[in-house]
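K.L.:
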Amino acid sequence: MAPDTVSLRYFLVLAQELNFTRAAARIGIAQPALSARMRRLEAQLGTALLVRNTRSVVLTAAGAALAEAAPPALAALDRAWDTARSAAAGELGTLRIGYSLSAGAETVPALVDRLMRGHSGLEVGAVPMATPEITPAVADGRVDAGITRGEQPGRGVRRFPLRRMRVGVQLAQHHPLAGHPEIELADAAAYPLRLPDRAANPVIHDQLAALFRDVRPEARFRTPAVSFDMSQRDLRDGVTLAPAGEAAVTTQPAGLTWRPLRGAPSLTIHLVLPREQSPLHRRVRTVARTLAHELHWLPD
């Protein structure tokens, strides 16, 4: 039977002190208790570890061998315990986060950075995905977590509000409306409104289009010819406006600016996790909640 680790650690202290009184004081137990521990340890090993007399303690050959071999073994055991505790706390493993490009500009990098900070055993990868694919990917395990805008439909997941942001419009810096601190919905609707392709992001397309449902004359919507238009020429030329969340401010292309829409409801970004959650999922939830509080992503 392998000796208990407490007795083994006590033995190492005694092997350093070679004195029961000093070793017991250093450990913080009574000397008779330490003596009893050493007798049990020797009985478990079936050999003497110490030669005792009234004046000194001397290690036997077996005792000297154990004093040399035990520290690295105990250190390895400590690392095993730490690894188990880290795994149980969700601080160890590989985490894959699926996100849409529209939600990834600012929110996802902040979350990934916070997850990796101080957790060297945690590997985090962010995977850009089409918005409608994120929730199913979380549900079937292709990714561990998702970041989506709007209330994406799906089963087998739980959604947690991560961030609420004001809705406004991106527009050219030279546009006549750019001089307004806030833009009225009717004023924005006087220009063609640039929306993402509904097939790629039906929830956000419908949510943004709904802002202008009651505006008269009826708003005109324009979808880019490609899903990710790098040039944004129509915006730069002042021909269109693009409804967008406040995060657009931090990733503003040259020549464009952002203004809030007066009276528009906020846009919510959700953290999506599986309904059955592991310690790693719970770690993501805890870190996301802390980050949202610190950065004031969720107003009280």
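The sequence shown finishes on residue 300 if you use full-length UniProt numbering, and the numbering steps up by one all the way, no holes. Here a beta-carbon is modelled for each residue, glycine too, at the ideal position from N, C-alpha and C.
So, are the CB atoms of Leu256 and Ala172 less than 8 Å apart?
P.N.:
The residue labelled residue 256 in the question sits at position 256 within the sequence shown. The residue labelled residue 172 in the question sits at position 172 within the sequence shown. Against a cut-off of 8 Å, the Cβ pair of Ala172 and Leu256 comes out as a contact.
K.L.:
Return helix, strand or coil for Phe20, following the three-state DSSP convention.
P.N.:
Position 20 of the sequence shown, counting from 1, holds the residue named residue 20. In the structure shown, Phe20 sits in a helix (DSSP, three-state: H, G or I).
K.L.:
Which of the three DSSP states, helix, strand or coil, is assigned to Ile27?
P.N.:
Stepping through the sequence shown from its first residue, residue 27 is reached at position 27. Three-state DSSP puts Ile27 in a helix.
K.L.:
State buried or exposed for Thr148, treating a residue as buried only when at least 16 other CB atoms are found within 10 Å of its CB.
P.N.:
The residue given as residue 148 occupies position 148 in the sequence shown. Thr148 comes out buried.
K.L.:
Mind listing, in chain order, the continuous alpha helix (DSSP H) runs of no fewer than 4 residues lying wholly within the stretch 232-281?
P.N.:
Complete alpha helix (DSSP H) runs here, min 4: 233-236.
K.L.:
List the residues that DSSP assigns as beta-bridge partners of Tyr191.
P.N.:
Locating residue 191 in the sequence shown gives position 191, where the first residue counts as 1. Answer by DSSP bridge pairing: none, since Tyr191 is not bridged.
K.L.:
Can you give, in chain order, each stretch of the alpha helix (DSSP H) that sits fully within the stretch 129-191 and has at least 4 residues?
P.N.:
Qualifying alpha helix (DSSP H) stretches, in chain order: 131-139 and 185-189.
K.L.:
Buried or exposed: Glu42, going by 16 or more other Cβ atoms within 10 Å of its Cβ?
P.N.:
For the purposes of this step, residue 42 is identified with residue 42 of the sequence shown, where counting begins at 1. The residue in question, Glu42, is buried, as its Cβ has 16 or more Cβ neighbours within 10 Å.
K.L.:
Spell out the partners DSSP gives Leu122 in its beta bridges.
P.N.:
Walking along the sequence shown from the start, residue 122 turns up at place 122. The partner list for Leu122 (beta bridge, DSSP) reads Gly93.
K.L.:
Rounding to the nearest angstrom, what Cα-Cα distance links Thr107 and Ala75 in this structure?
P.N.:
Taking the sequence shown and counting its residues from 1, the one referred to as residue 107 is at position 107. Taking the sequence shown and counting its residues from 1, the one referred to as residue 75 is at position 75. Straight-line Cα distance between these residues: approximately 40 Å.
K.L.:
Since Phe20 contacts Val58 with CB under 8 Å, what's their CB separation in whole angstroms?
P.N.:
Numbered from its first residue, the sequence shown carries residue 20 at position 20. Numbered from its first residue, the sequence shown carries residue 58 at position 58. Between Val58 and Phe20 the Cβ distance is about 12 Å, and since that is not below 8 Å, they are no contact.
K.L.:
Which of helix, strand or coil does DSSP assign to Phe11?
P.N.:
For this step, residue 11 is matched to residue 11 along the sequence shown. Of the three classes helix, strand and coil, the one that applies to Phe11 here is helix, per DSSP.
K.L.:
Run through DSSP, which three-state label would Arg285 get?
P.N.:
For the purposes of this step, residue 285 is taken as residue 285 along the sequence shown, with counting starting at 1. Here Arg285 sits in helix by DSSP.
K.L.:
Using the three-state DSSP reduction, which class does Leu211 fall into: helix, strand or coil?
P.N.:
In the sequence shown, residue 211 corresponds to position 211, counting from 1. Coil at Leu211, not helix or strand.
K.L.:
What's the C-alpha gap between residue 304 and Ala190?
P.N.:
There is no way to answer for residue 304, as the model of the chain reaches only from 1 to 300.
K.L.:
Nearer than 7 Å: is that true of the beta carbon of Arg222 relative to any heavy atom of the ligand PLP?
P.N.:
Within the structure as shown, the ligand PLP is missing, as the structure has no ligands at all.
K.L.:
For Trp258, count the other beta carbons within 10 Å of its own beta carbon; 16 or more makes it buried, fewer makes it exposed. Which is it?
P.N.:
Translated into positions along the sequence shown, residue 258 becomes position 258. So Trp258 ends up on the buried side.
K.L.:
If you measure from the beta carbon of Gln277 to each beta carbon in chain C, is any gap under 8 Å?
P.N.:
Annotation note: the requested chain C is absent from the structure, which comprises a single protein chain.
K.L.:
At what residues does the alpha helix (DSSP H) containing Leu111 begin and finish?
P.N.:
The residue given as residue 111 occupies position 111 in the sequence shown. Element bounds for Leu111: Thr107 to Met116.
K.L.:
Given this structure, state the Cα-to-Cα distance separating Gly179 from Leu273, to the nearest angstrom.
P.N.:
The residue labelled residue 179 in the question sits at position 179 within the sequence shown. The residue labelled residue 273 in the question sits at position 273 within the sequence shown. So the two alpha carbons sit approximately 41 Å from each other.
K.L.:
Report all residues from its chain with a CB closer than 8 Å to the CB of residue 309; omit the five preceding and five following residues, and keep chain order.
P.N.:
The structure shown has nothing for residue 309, since the chain only spans 1 to 300.
K.L.:
What's the C-alpha gap between Val226 and Arg85?
P.N.:
Counting from 1 along the sequence shown, the entry for residue 226 is found at position 226. Counting from 1 along the sequence shown, the entry for residue 85 is found at position 85. In this predicted model, Val226 has a pLDDT of only 48, less than 50, meaning its place in the structure is not dependable enough to derive any value.
K.L.:
Using only alpha-carbon positions, find the residue among Arg164, Gly263 and Arg220 that is nearest to Arg289.
P.N.:
On the sequence shown, position 289 is the one that residue 289 refers to. Arg289 has its Cα closest to that of Arg164, out of Arg164, Gly263 and Arg220.
K.L.:
Counting pairs of Cβ atoms below 8 Å between the stretch 277-284 and the stretch 193-202, do you hit three or more?
P.N.:
Taking 8 Å as the limit for Cβ pairs, the verdict is that the stretch 193-202 does not touch the stretch 277-284.
K.L.:
Distance check for Trp81 and Arg233, CA to CA, integer angstroms please.
P.N.:
Mapped onto the sequence shown, residue 233 falls at position 233. Mapped onto the sequence shown, residue 81 falls at position 81. Whole-angstrom Cα-Cα distance: 58 Å.
K.L.:
Beta carbon of Tyr99, beta carbon of Pro136: below 8 Å?
P.N.:
On the sequence shown, residue 99 is found 99 positions in, with the first residue counted as 1. On the sequence shown, residue 136 is found 136 positions in, with the first residue counted as 1. Their beta carbons are not under 8 Å apart, which means Tyr99 does not touch Pro136 by this criterion.
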